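Asker: This is the structure, below, for whatever I ask next.
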Amino acid sequence: MVRESHGEAGLEAELSKQHANAAGTISYVMASETETTSGGEAELIRAETQYIYHLKVGPDVVAQAL
316 MVRESHGEAG LEAELSKQHA NAAGTISYVM ASETETTSGG EAELIRAETQ
366 YIYHLKVGPD VVAQAL
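Just so we're aligned, residue 316 is where the sequence shown starts under this note's numbering, counting upward by one.
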């Protein structure tokens, strides 16, 4: 989570460590219809889980993609 918040929004690690709270998960299943660009097989089923966090920051914090 700390790496993602830095890479996606340019947030400092300490800010994320101190203020992020787990808010839940989103789980889903994807099926590939065609072969992947990296040579993966078609018609595979892949389960994914996304972890959701809430991070409340002040107006002085500006998120920027790096």
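Don't be surprised by glycine CBs; every beta carbon is placed ideally from N, CA and C.
Note that the coordinates shown come from a computational prediction; the quantities given were computed from them, not determined experimentally.
List the whole-angstrom C-beta distance separating alanine 324 from glutamine 365, where the pair is believed to meet the contact cut-off of C-beta under 8 Å.
Answerer: The residue you call residue 324 lines up with position 9 of the sequence shown. The residue you call residue 365 lines up with position 50 of the sequence shown. Alanine 324 to glutamine 365, Cβ: 16 Å. No contact.
Asker: State yes or no: is the C-beta of glycine 339 within less than 8 Å of the C-beta of isoleucine 367?
Answerer: For the purposes of this step, residue 339 is identified with residue 24 of the sequence shown, where counting begins at 1. For the purposes of this step, residue 367 is identified with residue 52 of the sequence shown, where counting begins at 1. In contact: glycine 339 and isoleucine 367 (Cβ atoms closer than 8 Å).
Asker: Strictly by DSSP, which residues pair up with leucine 370?
Answerer: Looking up residue 370 in the sequence shown gives position 55. Bridge partners of leucine 370: Ala335.
Asker: Hey, could you find the ends of the alpha helix (DSSP H) glycine 322 is sitting in?
Answerer: On the sequence shown, position 7 is the one that residue 322 refers to. Segment 317 to 324, the alpha helix (DSSP H) holding glycine 322.
Asker: Using the three-state DSSP reduction, which class does alanine 362 fall into: helix, strand or coil?
Answerer: Stepping through the sequence shown from its first residue, residue 362 is reached at position 47. If DSSP states are grouped into helix, strand and coil, alanine 362 belongs with the strands.
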